[in-house]
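Quick notes on the structure that follows.
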Amino acid sequence: MNLRALVSVTGKPGLFKLVGQNKGGFILETLDSAKIKSVVSLSSTKMATLEDITIYGEEEEIRLLNVFETIKEKGLTVDPKADGQALRDAFREIAPGHDESRVYSSDIKKIFTWYNIIKDLPLFEEEAPAPLV
Numbered sequence: 001m002n003l004r005a006l007v008s009v010t011g012k013p014g015l016f017k018l019v020g021q022n023k024g025g026f027i028l029e030t031l032d033s034a035k036i037k038s039v040v041s042l043s044s045t046k047m048a049t050l051e052d053i054t055i056y057g058e059e060e061e062i063r064l065l066n067v068f069e070t071i072k073e074k075g076l077t078v079d080p081k082a083d084g085q086a087l088r089d090a091f092r093e094i095a096p097g098h099d100e101s102r103v104y105s106s107d108i109k110k111i112f113t114w115y116n117i118i119k120d121l122p123l124f125e126e127e128a129p130a131p132l133v
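Quick note, the sequence shown lines up with residues 1 to 133 if you use full-length UniProt numbering.
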């Protein structure tokens, strides 16, 4: 799973592909068919790559990529609009050991929404490139 170029932007729904950088900030492109490009400045916006996101665990943090891999392996299809208890039950199955007091239903909903966005992308089936040293 190669999700290195996919980012989440605080205050903007959905996910974006990082396509470049200019002196004004980073150039992002929507993942839908419209492919709308926008520039975000790191001085006013927070951005996180999916590869770097972790989930609070009871003993250690759980990488988001590992959660996505587990969903893929188990073939789960979860509707992000399901009620909080259904989302929580599904999340217990794919991320055992997550800290239930610090991982909110809204976080779980976001994770399932992101999964539904990326599962059909070609990047989802690609091998992740080796880390840069």
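Even glycine gets a Cβ: it sits at the ideal position worked out from N, Cα and C.
Quick caveat, the model's predicted, so the values are computed rather than measured.
Check	Outcome
Between the C-alpha atoms of residue 134 and residue 81, what's the straight-line distance to the nearest angstrom?	There is simply no residue 134 to check, as the chain begins at 1 and stops at 133 in what is shown.
Between 24, 32, 54, which lies nearest to residue 116 when the distance is taken from Cα to Cα?	32
Quick one, which of 70, 127, 47, 73 has its alpha-carbon nearest residue 10's?	47
Taking 7 Å as the threshold (beta carbon to beta carbon), is residue 107 in contact with chain C?	Among the chains of the structure shown, chain C does not appear; only one protein chain is present.
With which residues is residue 21 paired in a DSSP beta bridge?	26
Can you tell me whether residue 40 is buried or exposed, with buried defined as 16 or more other CB within 10 angstroms of its CB?	buried
Taking 6 Å as the line, does the beta carbon of residue 62 fall inside it for any heavy atom of the ligand ADP?	You won't find the ligand ADP in this model; it holds no ligand whatsoever.
Within the continuous beta strand (DSSP E) that includes residue 37, where are the two ends?	37-40
Hey, quick one: how far does the alpha helix (DSSP H) through residue 86 stretch, first residue to last?	84-94
Measuring CB to CB, does residue 118 end up less than 7 Å from residue 112?	no
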